[in-house]
Amino acid sequence: MRSSVSRYRDRGTHGVLIVLTGLLLFGSSYTTAARAEDSARSGGSAGENEVLAPDVEPELTDFVSAVYPERELREGVEGEVLLQLLLNETGDVDSVWVVQGLTAGLDDAARAAALQFRFRPAMAQGVPVPVYVQFAYRFSLSEQAEAIEDVVNLRGQLRERGTRIPVTGALVVARIAAPDPLPLPLPVYLARIAVMPGQFVEEDRVSVYTDSTGTFAFHTLPPGKIVVTSPNSGYEPFESTETITNGERLEAT
1 MRSSVSRYRD RGTHGVLIVL TGLLLFGSSY TTAARAEDSA RSGGSAGENE
51 VLAPDVEPEL TDFVSAVYPE RELREGVEGE VLLQLLLNET GDVDSVWVVQ
101 GLTAGLDDAA RAAALQFRFR PAMAQGVPVP VYVQFAYRFS LSEQAEAIED
151 VVNLRGQLRE RGTRIPVTGA LVVARIAAPD PLPLPLPVYL ARIAVMPGQF
201 VEEDRVSVYT DSTGTFAFHT LPPGKIVVTS PNSGYEPFES TETITNGERL
251 EAT
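Heads up: the sequence shown is residues 1 to 253, going by UniProt numbering.
Listed below in structure tokens is the structure:
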């Protein structure tokens with residue numbers, strides 16, 4: 001029996017597939033073992049019952065994303081769950097075991113997804129055969145954060161008091177004072193919105209600049225209370241407390 005291991009990263013998936021060529025099965029392990037025992041009794045050579053590595057490794061064709069458990073999302077738990085899969089001759093997943101887990105929720109989610117995988121079966125001497133593989137399913141908070149949509153949910157305009165002339169190129173800061181509960185940890189959420197156009201994030205503050213008309217726009221601020229300030233030299237300090245609500249856009253002047 002060969003004991004080599006092949007591993008490769010499947011494109012477009014969330015993990016690494018490891019083919020355990022030393023665990024290749026012909027029929028079932030019981031059938032193979034029985035044949036080996038019969039051969040020993042009859043004086044047959046070991047080579048007649050040698051388990052060969054597949055000529056063609058299995059290929060993942062249908063990947064199913066796991067449902068990230070809400071608790072682990074909120075608590076910021078991420079990492080890899082190492083699974084062992086038994087693939088049959090048609091490329092279906094017969095069984096899944098957790099080899100190295102993270103939490104019960106993530107382990108169950110990875111196992112449920114893996115049971116729905118489909119593979120192009122392994123081949124040995126031109127015949128499709130069952131095979132064990134290991135799959136490292138990766139749970140990533142940053143990948144979950146990519147689903148956060150880019151929407152402008154706070155827009156306003158800065159004008160001089162009295163003259164009402166627009167103030168251009170002015171800094172406007174939104175401090176996250178009391179955010180509502182989020183599906184992701186706040187630092188992960190802020191890291192996602194930090195790459196949205198025209199704004200940057202430092203600790204709990206999101207900052208933008210006004211355009212040529214004095215208009216400013218914040219993208220996807222988290223719901224809850226925020227404190228908006230405009231700390232610009234030559235102007236009196238401005239401060240306003242606002243409440244961001246999911247699905248609504250707030251206009252401030």
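By construction, the Cβ of each residue, glycine as well, lies at the ideal position given by its N, Cα and C atoms.
Spatial neighbours of residue 73 within its chain, please: CB distance less than 7 Å, with the 5 preceding and 5 following residues excluded, ordered by chain position. In the sequence shown, the residue the question calls residue 73 occupies position 73. Excluding residues within five positions, the ones whose Cβ falls inside 7 Å are 144, 183, 184.
In its own chain, which residues sit with a C-beta less than 8 Å from the C-beta of residue 113, not counting the 5 before and 5 after it? Here residue 113 refers to the residue found at position 113 when the sequence shown is read from its first residue. Contacts found: 64, 65, 66, 67, 137.
If you pair each beta-carbon of the region 166 to 179 with each one of the region 189 to 209, do three or more pairs fall below 8 Å? yes
Buried or exposed by the 16-neighbour rule on C-beta atoms within 10 Å, applied to residue 75: Within the sequence shown, residue 75 is the residue found at index 75, counting from 1. With fewer than 16 Cβ atoms within 10 Å of its Cβ, residue 75 is classed as exposed.
What does residue 249 pair with, by DSSP beta-bridge criteria? Sequence index remark: in the sequence shown, residue 249 carries index 249 (1-based). DSSP, once it has assigned bridges, lists no residue as partnering residue 249.
Evaluate the contact criterion for the region 148 to 156 versus the region 118 to 133: three or more CB pairs, one atom per stretch, below 8 Å. no
Taking the alpha carbon of residue 226 as the reference point, which residue from 250, 215, 174 has its own alpha carbon closest? To locate residue 226, count along the sequence shown from 1; it is residue 226. Taking only the C-alpha atoms, the option nearest residue 226 is 174.
Using 9 Å as the threshold, is the C-beta distance between residue 233 and residue 168 below it? In the sequence shown, counting from the first residue as 1, residue 233 sits at position 233. In the sequence shown, counting from the first residue as 1, residue 168 sits at position 168. It is not a contact, given that the beta carbons lie outside the stated cut-off.
Going by the CB atoms, is the gap between residue 55 and residue 124 shorter than 9 Å? Indexing the sequence shown from 1 puts residue 124 at position 124. Indexing the sequence shown from 1 puts residue 55 at position 55. It is a contact, given that the beta carbons lie within the stated cut-off.
DSSP three-state label for residue 44, please. Locating residue 44 in the sequence shown gives position 44, where the first residue counts as 1. With a pLDDT of only 49 at residue 44, under the threshold of 50, the placement of this residue in the model should not be trusted; the figure read from the coordinates follows. Looking at residue 44 - three-state DSSP - the assignment turns out to be coil, as it is neither helix nor strand.
Counting along the chain, where does the alpha helix (DSSP H) carrying residue 67 start and finish? Against the sequence shown, residue 67 aligns to sequence position 67. Note, residue 67: premise wrong, no alpha helix (DSSP H); not H, not E.
Determine which residues share a DSSP beta bridge with residue 123 and list them. Here residue 123 refers to the residue found at position 123 of the sequence shown. Its beta-bridge partners are 56, 128.
Would you mind reading off the limits of the alpha helix (DSSP H) that contains residue 95? Working through the sequence shown from its first residue, we reach residue 95 at position 95. Careful: residue 95 lies outside any alpha helix (DSSP H), inside the beta strand (DSSP E) at 93 to 100.
Would you grab the beta carbon distance between residue 217 and residue 208 for me? Rounded to a whole angstrom, and I think it's under 8 Å. Reading the sequence shown from its first residue, position 217 is the one you call residue 217. Reading the sequence shown from its first residue, position 208 is the one you call residue 208. With 8 Å as the limit, residue 217 and residue 208 qualify as a contact, their Cβ atoms being about 7 Å apart.
Simplified DSSP assignment, three categories, for residue 164: Stepping through the sequence shown from its first residue, residue 164 is reached at position 164. Of the three classes helix, strand and coil, the one that applies to residue 164 here is coil, per DSSP.
For residue 131, which of 88, 83, 116 has the nearest alpha-carbon? Taking the sequence shown and counting its residues from 1, the one referred to as residue 131 is at position 131. Among 88, 83, 116, the Cα nearest to that of residue 131 belongs to 88.
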